[in-house]
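In my numbering, the protein residues as written are 315 to 417.
Here a beta-carbon is modelled for each residue, glycine too, at the ideal position from N, C-alpha and C.
Since the structure comes first, as structure tokens, the remarks are kept for the end.
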């Protein structure tokens with residue numbers, strides 16, 4: 315509703331002022347916009363895991379994008395998540411602007 319749109323706008327404005335910048339991440343609002351405007355997303359089923367032992371990837375989400383694997387590499391595991399691989403940024407910005415910034 316209007317109250318939640320106003321709150322989102324105020325939080326975004328606060329972030330811009332606090333960090334003295336003209337750009338900010340929209341965070342969870344991006345998820346909401348994606349649900350409202352799902353056709354703006356390109357989604358693939360992929361196997362996703364969180365790497366906890368890696369030297370370069372500790373705590374990062376890792377997706378196996380290989381077309382195939384060969385030993386001694388581990389075999390590919392079955393897809394377990396829907397992963398957004400591309401977005402229509404203009405469409406999502408329009409949704410966010412309409413429902414948050416213009417609220």
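TODO: Identify every run of the alpha helix (DSSP H) within the region 326-379, keeping only runs that are complete inside it and at least 4 residues long; order them along the chain.
DONE: Qualifying alpha helix (DSSP H) stretches, in chain order: 342-350.
Open item on the list: Counting beta carbon pairs with one atom in the region 323-336 and one in the region 344-357, are three or more of them shorter than 8 Å?
Closed with: With a cut-off of 8 Å, the region 323-336 and the region 344-357 do not count as touching, because too few Cβ pairs lie within range.
Open item on the list: Assuming contact is defined by CB atoms lying nearer than 8 Å, are residue 360 and residue 395 in contact in what I supplied?
Closed with: Position 46 of the chain shown holds residue 360. Position 81 of the chain shown holds residue 395. In this structure, the beta-carbon distance from residue 360 to residue 395 falls below 8 Å.
TODO: Identify every residue that forms a DSSP beta bridge with residue 402.
DONE: In the chain shown, residue 402 corresponds to position 88, counting from 1. Beta-bridge partners of residue 402 (DSSP): none assigned.
Task: Identity of the residues DSSP links to residue 395 by a beta bridge - done: For the purposes of this step, residue 395 is identified with residue 81 of the chain shown, where counting begins at 1. Paired residues: 360.
TODO: Less than 8 Å between the CB atoms is what I'm expecting for residue 358 and residue 397, so what's the real figure, rounded?
DONE: One-based indexing of the chain shown puts residue 358 at position 44. One-based indexing of the chain shown puts residue 397 at position 83. Contact holds; Cβ gap of about 6 Å.
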